[in-house]
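Numbering (our numbering), first residue to last: 63 to 472.
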């Protein structure tokens with residue numbers, strides 16, 4: 063089959079003008095992590111049949127495929143065509159052409175979410191403690207609460223001693239229970255930097271009365287400072303928002319430009335078939351399984367902000383979030399809006415018939431093809447950890463050089 067082509071300059075133009083485009087890297091994730099355009103999304107050619115219908119909900123969306131000379135584009139185009147996708151093109155000259163045009167190449171995975179987190183810290187001067195400072199507070203039995211904002215399975219694998227699992231979007235909803243004393247200092251940690259920056263800034267933006275600090279560089283920084291991690295913890299933060307938290311979360315979303323819609327506006331968005339619409343339920347998996355709105359895919363809010371390229375590979379698409387308590391959707395939407403997305407929060411809807419059942423989970427990547435994050439697992443690879451941090455520190459400058467991001471920080 064003959065595949066139409068599109069130039070790197072045309073892709074850049076589409077990104078700058080906020081046109082819908084899914085720029086798909088067909089290599090395995092490990093190769094993708096060695097370098098790609100900022101808004102590229104990884105969908106290995108042999109996973110198209112597994113992932114495309116979930117991640118690319120509109121069959122006539124503009125899709126651009128590329129590889130780095132591996133010869134994957136023809137196969138990828140055939141597989142997409144077999145699924146009914148009708149607007150598939152190839153990047154003329156592949157990744158080499160992108161590099162030759164002088165455009166930026168971003169390493170690692172979830173790169174634009176991580177770059178956004180670095181921009182937030184740079185613009186808001188998000189406060190943080192070093193690993194040594196936190197270790198001393200623990201040793202001194204100081205009045206602190208350490209909140210781990212990663213997925214629960216990541217927390218259970220390895221965690222800061224004494225920490226509690228409060229995944230990112232749950233922070234404003236659960237901080238009042240985790241730290242009921244306003245004199246308690248809240249310390250937010252993840253594995254590296256992004257989720258702790260976003261989590262810390264979420265609590266600050268929402269007006270939590272406590273002093274809030276990120277654990278600088280997360281469990282990586284903890285390990286590099288020669289402190290010991292615990293394993294197998296199972297402490298989960300209970301629901302209990304701080305006073306004014308829900309109202310403040312709504313105000314944060316408003317300031318970020320998030321629009322709240324009802325069921326009639328929602329129906330109008332669904333009916334507009336010329337635009338891609340992603341619908342995400344940002345609650346935890348247990349809440350989702352107990353009852354969710356039809357058509358909404360489960361994606362916890364903290365992970366959605368961290369993994370936006372995986373959840374919504376069509377840049378320029380619309381996103382609608384739902385949450386029976388509102389707080390998680392408001393806080394998640396506030397970040398997506400700052401990342402340049404047209405995002406809405408659906409109000410209500412939970413008083414009618416709900417679907418029950420567990421979230422859809424896509425099959426895991428073959429470990430042989432997966433990029434191993436330097437912050438994963440329990441092995442200590444100090445050189446890789448430090449290289450990862452050094453890379454993150456340079457992302458703000460890379461964003462400036464790239465110029466397509468459209469991010470802003472409230």
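All residues carry an ideal CB built from backbone N, CA and C; glycine is no exception.
Are residue i and residue j close, meaning C-beta to C-beta below 8 Å?
i: residue 362; j: residue 229; result: yes
i: residue 263; j: residue 300; result: no
i: residue 112; j: residue 138; result: no
i: residue 383; j: residue 367; result: no
i: residue 258; j: residue 318; result: no
i: residue 248; j: residue 235; result: no
i: residue 400; j: residue 342; result: no
i: residue 433; j: residue 95; result: yes
i: residue 163; j: residue 71; result: yes
i: residue 407; j: residue 309; result: no
i: residue 127; j: residue 88; result: yes
i: residue 431; j: residue 106; result: yes
i: residue 437; j: residue 253; result: yes
i: residue 121; j: residue 146; result: yes
i: residue 282; j: residue 450; result: yes
i: residue 140; j: residue 454; result: no
i: residue 350; j: residue 381; result: no
i: residue 123; j: residue 376; result: yes
Note down, in chain order, each residue of its chain lying with its Cβ closer than 7 Å to the Cβ of residue i, except the 5 sequence neighbours on either side.
i: residue 444; result: 286
i: residue 231; result: 344, 362, 363, 364, 390, 393, 394
i: residue 224; result: 200, 208
i: residue 378; result: 80, 81, 82, 83
i: residue 463; result: 166
i: residue 142; result: 110, 114, 125, 150
i: residue 424; result: 112, 113, 116
i: residue 182; result: 188, 259, 260, 263, 471
How would you call residue i, buried or exposed, if buried means at least 16 neighbouring beta carbons within 10 angstroms?
i: residue 243; result: exposed
i: residue 333; result: exposed
i: residue 412; result: exposed
i: residue 354; result: buried
i: residue 117; result: buried
i: residue 176; result: buried
i: residue 187; result: exposed
i: residue 326; result: exposed
i: residue 216; result: buried
Since residue i and residue j should fall inside the 8 Å C-beta cutoff, what is the C-beta to C-beta distance between them, to a whole number of angstroms?
i: residue 218; j: residue 246; result: At roughly 24 Å, the Cβ-Cβ gap does not stay under 8 Å, so residue 218 and residue 246 are not in contact.
i: residue 85; j: residue 99; result: 6 Å
i: residue 193; j: residue 277; result: 7 Å
i: residue 270; j: residue 261; result: Between residue 261 and residue 270 the Cβ distance is about 11 Å, and since that is not below 8 Å, they are no contact.
i: residue 156; j: residue 130; result: 6 Å
Quick one: what's got a C-beta closer than 6 Å to residue i's C-beta in the same chain, skipping five residues either side?
i: residue 473; result: Residue 473 cannot be examined here, being either before or after the span of the chain that is shown, 63 to 472.
i: residue 467; result: 461
i: residue 459; result: none
In terms of DSSP beta bridges, what is residue i paired with?
i: residue 87; result: 104, 128
i: residue 276; result: 190, 250
i: residue 354; result: 417
i: residue 342; result: 359, 383
i: residue 98; result: 168
i: residue 151; result: 126
i: residue 200; result: In DSSP, residue 200 forms no bridge with anything.
Within 8 Å (strictly less), CB to CB, does residue i reach chain D?
i: residue 414; result: Checking the listed chains, one finds no chain D in this structure; it contains a single protein chain.
Cβ of residue i within 7 Å of any heavy atom in the ligand GTP?
i: residue 149; result: Here there are no bound small molecules, and the ligand GTP is not part of this structure.
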